[in-house]
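Let me begin by presenting the structure, written as structure tokens, before commenting on it.
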Amino acid sequence: MPGLAHGQLAAAVAQAGGLGLIGGGEYDADWIAAQFRATGREAVGCGFTTWHLNKFPGRLDQVLSRRPRAFLLSHGDPPPMAPRIKQAKIPLICQVQDL
Numbered sequence: 002m003p004g005l006a007h008g009q010l011a012a013a014v015a016q017a018g019g020l021g022l023i024g025g026g027e028y029d030a031d032w033i034a035a036q037f038r039a040t041g042r043e044a045v046g047c048g049f050t051t052w053h054l055n056k057f058p059g060r061l062d063q064v065l066s067r068r069p070r071a072f073l074l075s076h077g078d079p080p081p082m083a084p085r086i087k088q089a090k091i092p093l094i095c096q097v098q099d100l
């Protein structure tokens with residue numbers, strides 16, 4: 002939900018006891034940083050389509066440096082990113098569209 006799953010919404014979900022996720026979408030590094038700031042001290046996760054992270058590999062490092070509560074990957078093959086997420090000891094959620 003890029004654009005709709007912003008930092009304030011993710012923080013509200015976390016405050017209610019859920020897993021709030023920032024939808025990284027196709028946004029630039031400044032937007033993502035602003036959304037993490039908007040969460041205050043709430044522990045939230047972040048999600049991306051794998052093709053976007055392949056196009057902008059610095060986004061993975063940017064989000065991992067924020068120590069998200071979880072990392073969500075969708076629409077593609079997660080193995081190229083999964084080892085780095087696992088090494089950071091951040092739970093990985095993979096959205097599966099087909100076999």
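Heads up: take any position in the sequence shown, counting from 1, add 1, and you land on our numbering.
Think of the CB as a built atom: it goes at the ideal place given N, C-alpha and C, for glycine as much as any other residue.
- Here the alpha carbon of G8 sits roughly 6 Å from the alpha carbon of F37.
- In the DSSP assignment, G8 falls outside any beta strand (DSSP E) and lies within the alpha helix (DSSP H) extending over 8-16.
- For I33, the three-state secondary structure derived from DSSP is helix.
- Per DSSP, T50 is one residue of the beta strand (DSSP E) stretching across 46-50.
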